[in-house]
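Numbering (the numbering used here), first residue to last: 2 to 211. Backbone N, C-alpha and C fix where the C-beta goes; we use that ideal spot for every residue, glycine too. Bear in mind the structure is a predicted one, so any value in this text is a computation, not a measurement.
Structure representation (structure tokens):
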């Protein structure tokens with residue numbers, strides 16, 4: 002439904018989304034790509050972490066995790082439970098990262114530009130415009146780069162843009178803060194627990210149908 006520039010999901014649209022979710026869960030419930038005991042253990046452990054993350058004091062705003070909280074499980078089969086737990090943890094990472102870059106004084110578009118240069122995904126202004134074209138207007142990309150340069154985060158060499166020491170430091174700090182908040186609720190897990198999680202999840206991924 003569209004009203005004065007705002008879109009909202011209608012009752013019939015919400016019903017369609019819920020039916021799609023039920024069908025997806027019903028399909029996942031039929032799959033046992035690894036032994037059910039391992040699936041259950043995975044679902045239990047990651048669900049517990051997701052619950053601790055949802056109830057933890059940090060970050061203060063959990064807008065992404067709220068989406069996962071709205072998903073209702075239709076049964077107790079382990080794979081749908083695991084799927085929801087992974088989704089919840091994915092959204093928790095988004096919330097932790099958002100809190101980190103907002104705390105560092107960035108807005109989303111500027112952080113996106115800095116990050117793409119930080120990861121090496123782009124190295125020049127034309128690269129950035131090509132990769133972000135659907136999300137930001139080319140003129141906004143140019144203004145964003147100019148602003149990052151003015152703050153001392155970027156330096157230029159022709160079309161090339163690289164992070165300064167200051168830019169690298171603040172982007173690294175954002176990542177470290179993201180990890181600190183996100184992994185705080187994982188601490189009760191031992192190294193052996195983490196190794197088992199990694200190996201079992203890797204096996205699960207390999208055994209899932211294409």
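Residue from the options whose Cα sits closest to the Cα of residue i
| i | options | result |
| --- | --- | --- |
| residue 98 | 187, 37 and 176 | 176 |
| residue 205 | 32, 13 and 136 | 32 |
| residue 46 | 4, 129 and 199 | 199 |
| residue 120 | 172, 131, 81 and 29 | 172 |
| residue 53 | 207, 197, 187 and 191 | 187 |
| residue 55 | 122, 100, 84 and 69 | 69 |
| residue 86 | 49, 131 and 156 | 49 |
| residue 84 | 184, 150, 23 and 16 | 23 |
Spatial distance of residue i from residue j (CA atoms)
| i | j | result |
| --- | --- | --- |
| residue 194 | residue 51 | 16 Å |
| residue 222 | residue 73 | Because the chain spans 2 through 211 in this model, residue 222 falls outside it and cannot be assessed. |
| residue 79 | residue 144 | 49 Å |
| residue 90 | residue 160 | 38 Å |
| residue 135 | residue 109 | 15 Å |
| residue 27 | residue 18 | 14 Å |
| residue 169 | residue 163 | 9 Å |
| residue 30 | residue 21 | 14 Å |
| residue 112 | residue 104 | 12 Å |
| residue 129 | residue 93 | 27 Å |
Assigned secondary structure, residue i (DSSP; H/G/I helix, E/B strand, else coil)
| i | result |
| --- | --- |
| residue 164 | strand |
| residue 154 | coil |
| residue 125 | strand |
| residue 120 | helix |
| residue 7 | strand |
| residue 146 | helix |
| residue 182 | helix |
| residue 188 | coil |
| residue 35 | coil |
| residue 76 | coil |
| residue 68 | helix |
| residue 101 | helix |
Cβ-based burial, residue i [other Cβ within 10 Å; buried from 16]
| i | result |
| --- | --- |
| residue 178 | buried |
| residue 66 | buried |
| residue 13 | exposed |
| residue 158 | exposed |
| residue 137 | buried |
| residue 10 | exposed |
| residue 62 | exposed |
Residue j beta carbon less than 9 Å from that of residue i
| i | j | result |
| --- | --- | --- |
| residue 59 | residue 182 | yes |
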